[in-house]
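Protein chains: 2
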Amino acid sequence: MANIKDIARVAGVSVATVSRALSTPSLVRPATIERIEAAIADLNYEPNHLAAGLRRQRSDNVIVAVPSIFNPFTSAFVEGIENVARANKMRVLLGITEGDIDTLNKYVSMIAGKQADGMILLEKTLPDIVRNPPTKSKMPPLVAACEYPPDITLPRVRTDDHEASALVVGHLAELGHTRIAAITGPLDQFMSKDRLSGYKLGLLRARIEVDEAIIATGDFSLQSGYDAMLRLLDADPQFTAVTCANDEMALGALSALQQRGISVPDEMSVTGFDDLRFGAFSSPPLTTVHIPTVEIGEAAMRLMLDSLLQPDQVSASREVILPHRLIVRQSTAAPKKRRKA
Amino acid sequence: MANIKDIARVAGVSVATVSRALSTPSLVRPATIERIEAAIADLNYEPNHLAAGLRRQRSDNVIVAVPSIFNPFTSAFVEGIENVARANKMRVLLGITEGDIDTLNKYVSMIAGKQADGMILLEKTLPDIVRNPPTKSKMPPLVAACEYPPDITLPRVRTDDHEASALVVGHLAELGHTRIAAITGPLDQFMSKDRLSGYKLGLLRARIEVDEAIIATGDFSLQSGYDAMLRLLDADPQFTAVTCANDEMALGALSALQQRGISVPDEMSVTGFDDLRFGAFSSPPLTTVHIPTVEIGEAAMRLMLDSLLQPDQVSASREVILPHRLIVRQSTAAPKKRRKA
DNA sequence: CCATAGGATGTAAACGTTACATTTGCGATC
DNA sequence: GATCGCAAATGTAACGTTTACATCCTATGG
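Taken in sequence, the protein lines are chains A and B. Going by the UniProt record's numbering, 214 is the number at position 214 of the first sequence; the sequence numbering is gapless. Going by the UniProt record's numbering, 309 is the number at position 309 of the second sequence; the sequence numbering is gapless.
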């Protein structure tokens with residue numbers, strides 16, 4: 001492959017001029033640029049990004065650390081990040097952790113190794129470096145999304161899960177439901193806790209007492225929603241609505257209800273959270289809270305670009321909160337009949 | 001940040017020895033390695049991957065080009081690629097094209113620019129370089145998945161969509177259906193054509209004549225499945241089963257049927273293709289063909305590793321075909337009643 | 001006791017770019 | 001005509017590795 005020296009020779013200029021023609025054309029005479037571009041086309045030269053990176057000490061890559069991408073929520077998030085990255089000549093390096101903290105820490109060290117300039121996190125655990133900042137070297141640029149506790153000092157983007165949850169419960173209460181069950185996410189995740197406390201807030205506002213007997217825990221998967229729904233049905237025949245901490249579990253719950261022959265929304269109202277595409281086409285279509293997942297990714301990447309531009313600026317405590325909104329479809333209705341046990 | 005020179009100085013050896021200790025420990029005396037490792041821990045040194053890459057002329061990155069990752073099929077595929085990449089100390093660079101050929105070509109040129117060592121494609125179009133191989137430089141390592149015509153010479157991995165489609169239709173025919181509609185993918189994609197011809201093959205085998213009036217075209221999305229189903233119902237009241245070219249469209253179709261009050265599978269059998277998780281929890285659970293999506297990604301990445309190891313070997317025409325299998329759930333049954341128009 | 005093999009280490013030349021400090025050319029100003 | 005200012009272009013030293021080749025030891029066999 002031709003290199004910048006070859007171009008310089010063919011165009012009859014120095015390597016420095018070629019470099020500037022490519023990166024800061026305003027500093028080079030148009031006629032010169034033309035000659036250089038001709039040479040580039042001639043030799044079909046492609047700048048060596050590794051060499052440029054070595055010299056400039058950056059890779060233009062950003063790591064996105066997620067437990068798995070095999071999941072509509074995560075993939076939408078990643079799509080948003082990639083959109084903004086691409087528009088800013090940066091690349092997304094996919095870092096799947098499978099929830100393993102060592103893997104996550106290894107990804108962080110890739111920043112020191114210059115494989116990436118920063119990292120965006122959508123994980124339930126934080127890398128060690130956040131709790132034990134390095135004394136000698138400087139902190140790598142990190143941005144957190146959704147899942148993290150309020151006390152950390154990372155730039156972050158999220159939605160107001162607390163209020164969003166309360167909003168759904170409010171919707172059910174308004175319809176006339178008084179016994180509203182919940183299927184939560186795993187309670188070691190901050191996001192799940194937040195959505196659970198929002199549920200409780202919603203009940204409080206509706207002057208409904210919390211009944212721990214009709215709160216079941218899942219793990220955000222379809223199967224766990226299905227299982228949790230069956231557990232709830234077996235434990236208590238009286239509730240008329242169930243609010244799920246994400247759409248996947250709600251879809252699982254719907255499936256369990258269908259199997260038990262319980263009609264939705266006539267005998268049971270069901271709500272989700274996230275607004276996955278699939279929820280709009282379930283039977284019946286799912287009432288849920290729209291979470292702007294792609295936009296969360298976009299915002300996270302913008303925060304990353306900010307951090308990269310001002311490495312010293314304590315951009316910590318920058319927090320972006322994106323709006324949610326209730327989507328009422330046909331899985332919720334007023335509690336019409338008492339359903340049979 | 002400490003560099004290899006610092007380590008060499010502190011450990012009292014030359015940089016060459018440090019480099020060897022890290023990459024080929026067998027060439028270095030154990031005692032020396034220990035001193036070097038101590039120094040590395042002391043200065044918390046992290047090798048600069050950019051410098052190493054420049055010297056060795058590779059980045060250890062592989063680009064995965066997909067139209068969008070916001071889609072369960074694609075994200076499973078990418079997950080598979082990442083699994084194998086990670087196990088082989090390579091990284092996945094996400095390349096979202098949105099179907100744009102220029103973007104795709106740009107990703108290809110990143111290989112010449114050493115931002116990546118190769119590229120895995122899950123696109124409906126091929127980059128120009130495949131049809132016009134470069135004369136001067138050598139062909140970059142490419143691996144194709146699923147979507148491509150048979151005449152290209154790229155290493156590739158796919159399933160036998162043709163037979164798989166015929167298999168589903170066979171299942172419906174065996175149940176007693178004689179009028180079987182189809183919802184296809186966009187017919188400019190090779191994969192869609194293949195699944196459509198498999199449908200026709202299945203009909204042929206069951207001695208059922210093809211009726212173009214009950215073949216509708218979608219674009220693999222939920223909405224398009226929904227729309228196509230309605231079109232079919234309006235056009236012809238007689239068919240008793242519909243086979244969809246992917247699960248998303250089948251789920252959309254299910255939603256349309258539910259809205260029209262047509263019961264599945266009593267009045268209408270529906271089949272999908274891919275075996276998304278969501279299909280197992282739809283109402284009713286979807287009969288479909290399991291496509292080993294994650295394994296396709298894994299196989300693709302393995303083909304890439306092969307290509308990378310033997311750059312000269314004409315590894316072209318290496319083709320991996322992974323097995324599919326029919327998953328019968330509750331969306332198909334014998335045609336019981338004539339449904340009302 | 002010497003030759004020699006081969007294990008362990010050192011030396012220095014790439015790899016291809018960009019940042020920085022200079023140089024050159026040329027018209028304007030005094 | 002000397003001086004200045006400015007734009008355009010140049011020369012060169014990094015950036016931090018890897019690796020071919022050279023060198024130094026030490027042990028072994030003749």
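All C-beta atoms, glycine included, are put in the ideal place defined by N, C-alpha and C.
*Ala256 (chain A): buried (16+ other C-beta within 10 angstroms of its C-beta) or exposed?*
Position 256 of the first sequence, counted from the first residue, corresponds to residue 256 (chain A). With 16 or more Cβ atoms within 10 Å of its Cβ, Ala256 (chain A) is classed as buried.
*His324 (chain A) CB to nearest chain B CB: under 8 Å?*
As a working mapping, residue 324 (chain A) is identified with position 324 in the first sequence. No, His324 (chain A) lies away from the interface with chain B (no Cβ there is under 8 Å from its Cβ).
*Report yes or no: is there a C-beta of chain B within less than 8 Å of the C-beta of residue 361 (chain A)?*
Any property of residue 361 (chain A) remains undetermined from this structure, which presents chain A solely from 1 to 341.
_Quick check on His290 (chain A): does DSSP put it in helix, strand or coil?_
Position 290 of the first sequence, counting from 1, holds the residue named residue 290 (chain A). Residue state, collapsed to three classes: strand.
*Contacts of Ile69 (chain A) in chain B (Cβ-Cβ under 8 Å)*: Taking the first sequence and counting its residues from 1, the one referred to as residue 69 (chain A) is at position 69. What Ile69 (chain A) touches in chain B: Ile69, Ser75, Val78, Glu79, Glu82.
_Let me make sure I understand the geometry here. Which of A:Asn105, A:Ala116, A:Lys136 has the alpha-carbon closest to that of Glu123 (chain A)?_
Numbered from its first residue, the first sequence carries residue 123 (chain A) at position 123. For the residues A:Asn105, A:Ala116, A:Lys136, the minimum Cα distance to Glu123 (chain A) belongs to A:Asn105.
_8 Å Cβ cutoff, Ser331 (chain A) in contact with chain B_ = The residue labelled residue 331 (chain A) in the question sits at position 331 within the first sequence. No - not a single Cβ of chain B is within 8 Å of the one on Ser331 (chain A).
*Using three-state DSSP, classify Val270 (chain A) as helix, strand or coil.*
Here residue 270 (chain A) refers to the residue found at position 270 of the first sequence. Val270 (chain A) falls in the strand class under three-state DSSP.
*Report the residue from A:Thr178, A:His324, A:Asp211 whose alpha carbon sits nearest the alpha carbon of Met268 (chain A).*
The residue you call residue 268 (chain A) lines up with position 268 of the first sequence. Checking every option, the nearest Cα to that of Met268 (chain A) belongs to A:Thr178.
*Please decide whether Phe220 (chain B) counts as near chain A, where near means a Cβ-Cβ distance under 8 Å.*
On the second sequence, position 220 is the one that residue 220 (chain B) refers to. The C-beta of Phe220 (chain B) comes no closer than 8 Å to any C-beta of chain A.
_Could you give the first and the last residue of the continuous alpha helix (DSSP H) run that contains Leu94 (chain A)?_
Counting from one through the first sequence, the residue named residue 94 (chain A) turns up at place 94. Per DSSP, Leu94 (chain A) belongs to no alpha helix (DSSP H); it is in the beta strand (DSSP E), 91-96.
*Since Met119 (chain A) and Val62 (chain A) are thought to touch, with beta carbons under 8 Å apart, how far apart are those beta carbons, to the nearest angstrom?*
For this step, residue 119 (chain A) is matched to residue 119 along the first sequence. For this step, residue 62 (chain A) is matched to residue 62 along the first sequence. Right, the Cβ-Cβ distance comes to about 7 Å (below 8 Å), so this counts as a contact.
*Using beta-carbon positions only, say whether Ala85 (chain A) and Leu121 (chain A) come within less than 8 Å of one another.*
In the first sequence, residue 85 (chain A) corresponds to position 85, counting from 1. In the first sequence, residue 121 (chain A) corresponds to position 121, counting from 1. Result no, Cβ atoms of Ala85 (chain A) and Leu121 (chain A) do not sit closer than 8 Å.
*For the alpha helix (DSSP H) that contains Gly113 (chain B), what are its first and last residues?*
Within the second sequence, numbered from 1, the residue matching residue 113 (chain B) stands at position 113. First-last for Gly113 (chain B): undefined, no H or E at that position.
*May I ask you to verify whether the segment 155-165 of chain A touches the segment 198-208 of chain A, counting CB pairs closer than 8 Å and requiring at least 3?*
yes
*By the criterion of Cβ-Cβ separation under 7 Å, what are the contact partners of His49 (chain B) in chain A?*
As a position in the second sequence, residue 49 (chain B) is number 49, starting the count at 1. In chain order: Gly113, Lys114, Gln115.
*asked:* Taking 8 Å as the cut-off, does the segment 91-104 of chain A touch the segment 25-44 of chain A (at least 3 CB pairs, one atom from each stretch)?
replied: no
*Hey, quick one: how far does the alpha helix (DSSP H) through Glu37 (chain B) stretch, first residue to last?*
One-based indexing of the second sequence puts residue 37 (chain B) at position 37. Where Glu37 (chain B) is concerned, the enclosing alpha helix (DSSP H) stretches over 30-42.
*Put Glu123 (chain A) into one of helix, strand or coil per three-state DSSP.*
Start at 1 with the first residue of the first sequence, and residue 123 (chain A) comes out as number 123. Three-state DSSP puts Glu123 (chain A) in coil, outside helix and strand.
*Could you tell me whether any Cβ in chain B is nearer than 8 Å to the Cβ of Met249 (chain A)?*
Within the first sequence, the letter at position 249 stands for residue 249 (chain A). Not an interface residue.
*Can you tell me whether Ala116 (chain A) is buried or exposed, with buried defined as 16 or more other CB within 10 angstroms of its CB?*
Position 116 of the first sequence, counted from the first residue, corresponds to residue 116 (chain A). Buried.
*From the beta carbon of Arg195 (chain A), is the nearest beta carbon of chain B less than 8 Å away?*
Numbered from 1 along the first sequence, position 195 holds the residue referred to as residue 195 (chain A). Cβ-Cβ to chain B under 8 Å: no for Arg195 (chain A).
*Pairwise C-alpha distance: Ala166 (chain B) and Ala245 (chain B)*: Walking along the second sequence from the start, residue 245 (chain B) turns up at place 245. Walking along the second sequence from the start, residue 166 (chain B) turns up at place 166. Distance from the CA atom of Ala245 (chain B) to the CA atom of Ala166 (chain B), rounded to whole angstroms, is 11 Å.
_With a threshold of 8 Å between beta carbons, is Ile183 (chain A) in contact with chain B?_
Within the first sequence, the letter at position 183 stands for residue 183 (chain A). Not closer than 8 Å to any Cβ of chain B, the Cβ of Ile183 (chain A) fails to qualify, so no.
*Do the CB positions of Met139 (chain B) and Ser137 (chain A) come within less than 8 Å of each other?*
The sequence position of residue 139 (chain B) within the second sequence is 139, counting from 1. The sequence position of residue 137 (chain A) within the first sequence is 137, counting from 1. No, these two residues do not count as a Cβ contact at 8 Å.
_DSSP three-state assignment for Leu222 (chain A), whether helix, strand or coil_ = Position 222 of the first sequence holds residue 222 (chain A). The answer is helix: DSSP assigns Leu222 (chain A) an H, G or I state.
*Identify every residue that forms a DSSP beta bridge with Val143 (chain B).*
To locate residue 143 (chain B), count along the second sequence from 1; it is residue 143. BP columns for Val143 (chain B) point to B:Ile120.
*Taking 8 Å as the CB-CB cut-off, is Val15 (chain A) touching chain B?*
What you label residue 15 (chain A) is simply residue 15 of the first sequence in a count that begins at 1. Closer than 8 Å: no.
*asked:* Based on DSSP bridge pairs, tell me the residues matched to Leu322 (chain A).
replied: Taking the first sequence and counting its residues from 1, the one referred to as residue 322 (chain A) is at position 322. Answer by DSSP bridge pairing, in chain order: A:Thr159.
*Take residue 359 (chain B) and list the residues in its own chain whose beta-carbon comes closer than 6 Å to its own, dropping the five residues that flank it on each side.*
The structure shown does not extend to residue 359 (chain B), since chain B is modelled only from 1 to 341, so the question has no answer here.
*asked:* Please confirm whether Lys5 (chain B) has its beta-carbon closer than 8 Å to some beta-carbon of chain A.
replied: In the second sequence, residue 5 (chain B) corresponds to position 5, counting from 1. No, Lys5 (chain B) lies away from the interface with chain A (no Cβ there is under 8 Å from its Cβ).
*In angstroms with no decimal places, state the Cα-to-Cα distance between Thr97 (chain B) and Met110 (chain B).*
Taking the second sequence and counting its residues from 1, the one referred to as residue 97 (chain B) is at position 97. Taking the second sequence and counting its residues from 1, the one referred to as residue 110 (chain B) is at position 110. Cα to Cα, Thr97 (chain B) sits roughly 14 Å from Met110 (chain B).
*Taking all protein chains shown into account, do 16 or more other C-beta atoms lie within 10 angstroms of the C-beta of Asn132 (chain A), making it buried, or fewer, making it exposed?*
Residue numbering aside, residue 132 (chain A) sits at position 132 when the first sequence is read from its first letter. Result: exposed.
_Cβ-Cβ distance between Ile291 (chain A) and Asp274 (chain A) below 8 Å_ = Translated into positions along the first sequence, residue 291 (chain A) becomes position 291. Translated into positions along the first sequence, residue 274 (chain A) becomes position 274. It is a contact, given that the beta carbons lie within the stated cut-off.
_Please state the DSSP three-state secondary structure of residue 393 (chain B)._
Shown here, chain B extends from 1 to 341; a query on residue 393 (chain B) therefore has no answer.
*With a floor of 4 residues, list each alpha helix (DSSP H) that falls wholly inside the segment 183-230 of chain B, ordered by position along the chain.*
Listed in chain order, the complete alpha helix (DSSP H) runs (minimum 4 residues) inside the segment 183-230 of chain B are 190-205.
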